[in-house]
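3 is the number of the first residue of the sequence shown in our numbering; add one for each residue after it.
C-beta atoms are modelled at their ideal positions from N, C-alpha and C, and glycine is treated no differently.
Just so you know, these numbers come straight off a predicted model, no measurement behind them.
First comes the structure, then the notes that go with it.
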Amino acid sequence: MQVASRAGTSANPGGLSDEVLYGDSIPLSRLQAQLEAAIEAEDYDEAAQLRDVLQRRRFDARLAVEEANDRFYKAFQSGSLAAMADVWGKGEHVQCIHPLGNCIAGRQAVMDSWKAILGAGRLRISVEDVRVFAGDSQAFVTCVEITESSEGRGRIAATNVFEKQGGAWKLVHHHGSPAR
3 MQVASRAGTS ANPGGLSDEV LYGDSIPLSR LQAQLEAAIE AEDYDEAAQL RDVLQRRRFD
63 ARLAVEEAND RFYKAFQSGS LAAMADVWGK GEHVQCIHPL GNCIAGRQAV MDSWKAILGA
123 GRLRISVEDV RVFAGDSQAF VTCVEITESS EGRGRIAATN VFEKQGGAWK LVHHHGSPAR
């Protein structure tokens, strides 16, 4: 496991290494522990640098997850099975629970369910009250889906769980339940 080193560069003499400042291979939990250790040691310059790195990495991850979540809803609204397939991750741990439905497990079964839903007709969908949490390799989004179709309007409370696969955020679990 890599640690924050004080191998400064000409642009950052005596400071944290470029790997810590600009890389993303060191887990956030490790950086957080190093921040706490720097504060305990009263090394406030290093603590400030680590704080800034943590804030940037968390912000970047949240933005990437929010974009992945947007791609899911664009695929949903477009009715494109190919776009929907691109959003979903791979693996038998992939699951989906549609409103009032049972748990569908495994990528193929999940994609079969979306084929049926997307083939049933266009649905206008927007989201509100979007909340994003992102870690190093897993993230989740909660939101309220506002749906409109020829049958009427609806509100669905949704949770979308993402996993980093091949460097990209992929949906591995979607759960929607009727909301008030």
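- The segment 128-148 makes no contact with the segment 86-93; the number of CB pairs closer than 8 angstroms stays below 3.
- Secondary structure of Val67 (DSSP, three-state): helix.
- Taking Pro29 as the centre and dropping the five residues before and after it, the same chain places the C-beta of Asp138 closer than 6 angstroms to its C-beta, in chain order.
- Only residues of its own chain outside the window of five on either side were considered, and among them Leu125, Arg126, Ile127, Arg155, Gly156, Arg157, Ile158 have a CB closer than 8 angstroms to the CB of Thr149, listed in chain order.
- In the three-state reduction of the DSSP assignment, Ser139 falls in the coil class, being assigned neither a helical nor a strand state.
- Beta-bridge partners assigned by DSSP to Gly154: Ser151.
- CA-to-CA, the gap between Val134 and Ala66 works out to about 10 angstroms.
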